[in-house]
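Engineer:
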Amino acid sequence: MSAGQQAQERLEKATEITLASIVANVVLGVLKIVVGLYSGTRALVADGIHSLSDLVSDVITLITVRIGARGADERMHYGYRRVETVGALFVSLLLVFAGGELIVSAFHAPEQTTVEGLQFVVAMVAALSVTTKEFLFQVTRRLGIKLSNQVLIANAWHHRSDAVSSVAVLLSVIIHVIYPQLVFVDAITTVLIAGLILHAAWEIGADALKELIDFSPSLEIVALVEEMAERVPEVTFIHNLRIRTMGGALYVELYAETDPRFTIEKGHEIAEKIRQQITQNVPNVIEVMVHISPKGEYLRKTLDDDF
505 MSAGQQAQER LEKATEITLA SIVANVVLGV LKIVVGLYSG TRALVADGIH
555 SLSDLVSDVI TLITVRIGAR GADERMHYGY RRVETVGALF VSLLLVFAGG
605 ELIVSAFHAP EQTTVEGLQF VVAMVAALSV TTKEFLFQVT RRLGIKLSNQ
655 VLIANAWHHR SDAVSSVAVL LSVIIHVIYP QLVFVDAITT VLIAGLILHA
705 AWEIGADALK ELIDFSPSLE IVALVEEMAE RVPEVTFIHN LRIRTMGGAL
755 YVELYAETDP RFTIEKGHEI AEKIRQQITQ NVPNVIEVMV HISPKGEYLR
805 KTLDDDF
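Counting from 505, one number per residue, gives the positions in the sequence shown under the working numbering.
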């Protein structure tokens, strides 16, 4: 499969799951608001508004994955994939807000005023929301990891935050009916899971910032790239290896020393072998720039700089 076909498939999969998320948020949001108003459950109404507010995250995700799928042009020489990274940063900030909102709501939740006889309906709607949003979280997160798409992973955690909000509603209904004296249980549960969401927001935001400032990938990735390049028999030394990440994709640049008697054509052949070794054996590498230099050049330059 060509790079263009891979990019198109990546876009289609990301778009499909995000559109499914939009539909789910609209349906669940409207359902929770209607049932909440009818039953007098203000917590469910607030949860419905939370679901509709998640559309902001969905729209950011949809826009950034579509822009990020564009190839290189005269304005963006490395393509638009870092737009996804910017989107992930924005969504991580929304996650911080969502996590903080959950903590505040845990201690300032609307008083349970559900109309008697409708608690079961409210509980079923909340349970449906928990099940749907947790399913979307799992599917979106796995796809984001598979596609190395940070904005999808960030949006997945928004599904988890909505699921937690619905868990709080479900617990409040159950506790109100069975154990009215244990009013603090749903608050504790909400705070604990909100902490997980804030931790995820920190990790996603930190990864996005690292990518935007060209932070090097892991030492394992760097070592693997160097190892693959050195497997080409004609290569005697690898130096000035640089790797940058863009929207989860790796762009590699390196210098490879070879026998100075090789022709330009032979040098080009060696560079192509290095490129194939790296792209076929290192995950997510989509471009490799190889500079061929004569054996001993790096050592000579180093000695010249020292003296």
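Ideal Cβ positions, reconstructed from N, Cα and C, are used throughout, including at glycine.
Using 8 Å as the cut-off, can you tell me whether the region 728–744 makes contact with the region 756–773, which would need three or more C-beta pairs spanning the two stretches below that distance?
Structural biologist: Judged by Cβ distances under 8 Å, the region 728–744 makes contact with the region 756–773, as three or more pairs qualify.
Engineer: Tell me whether Met-793 is buried or exposed, calling it buried when 16 or more other Cβ atoms sit within 10 Å of its Cβ.
Structural biologist: Exposed, by the Cβ-count rule.
Engineer: Which same chain residues, not among the five before or five after Ala-658, have their C-beta less than 7 Å away from its C-beta?
Structural biologist: Counting only Cβ-Cβ distances below 7 Å, and skipping sequence neighbours, we find Ala-592, Val-595, Ser-596, Leu-599 and Ile-708.
Engineer: Assuming Gly-603 contacts Ile-692 (C-beta within less than 8 Å), just tell me the rounded distance between them.
Structural biologist: Not really, about 15 Å apart at Cβ, beyond 8 Å.
Engineer: Give me the residue from Pro-721, Val-729 and Thr-522 with the minimum Cα distance to Arg-748.
Structural biologist: That would be Pro-721, whose Cα lies nearest to the Cα of Arg-748.
Engineer: Output the distance between the C-alpha atoms of Ser-561 and His-662, rounded to the nearest integer angstrom.
Structural biologist: Distance between the alpha carbons of Ser-561 and His-662: 8 Å.
Engineer: Does Thr-694 come within less than 8 Å of chain B when only Cβ atoms are used?
Structural biologist: Checking the listed chains, one finds no chain B in this structure; it contains a single protein chain.
Engineer: Select from Pro-787, Val-786, Ser-797 and Gly-751 the residue whose C-alpha is nearest the C-alpha of Ile-768.
Structural biologist: If we check each option's Cα against that of Ile-768, Ser-797 comes out closest.
Engineer: Relative to the C-alpha of Lys-517, which residue among Thr-565, Arg-664 and Val-539 is closest?
Structural biologist: Taking only the C-alpha atoms, the option nearest Lys-517 is Thr-565.
Engineer: Over the uninterrupted beta strand (DSSP E) stretch that includes His-581, give me the two end residues.
Structural biologist: No beta strand (DSSP E) contains His-581, which DSSP labels as neither H nor E.
Engineer: In whole angstroms, what is the alpha-carbon distance linking Leu-523 and Asp-558?
Structural biologist: In a straight line, the C-alpha of Leu-523 is about 13 Å away from that of Asp-558.
Engineer: Going straight from the alpha carbon of Ala-627 to that of Ile-678, what length do you get?
Structural biologist: Ala-627 and Ile-678: Cα-Cα distance of roughly 8 Å.
Engineer: So, Ile-697 versus Val-673, is the Cβ gap smaller than 8 Å?
Structural biologist: Not in contact: Ile-697 and Val-673 (Cβ atoms no closer than 8 Å).
Engineer: In angstroms with no decimal places, state the Cα-to-Cα distance between Lys-777 and Met-732.
Structural biologist: Taking the straight line joining both Cα atoms gives about 10 Å.
Engineer: Is the region 650–657 close to the region 565–579, with three or more CB pairs under 8 Å?
Structural biologist: Yes, the region 650–657 is in contact with the region 565–579.
Engineer: Determine, using beta carbons only, whether Val-786 and Leu-728 come nearer to each other than 8 Å.
Structural biologist: Contact: yes.
Engineer: Among the residues of its own chain, which have a CB less than 6 Å from the CB of Leu-515, if the five just before and after it don't count?
Structural biologist: So the list reads Ala-573, once near-sequence residues are dropped.
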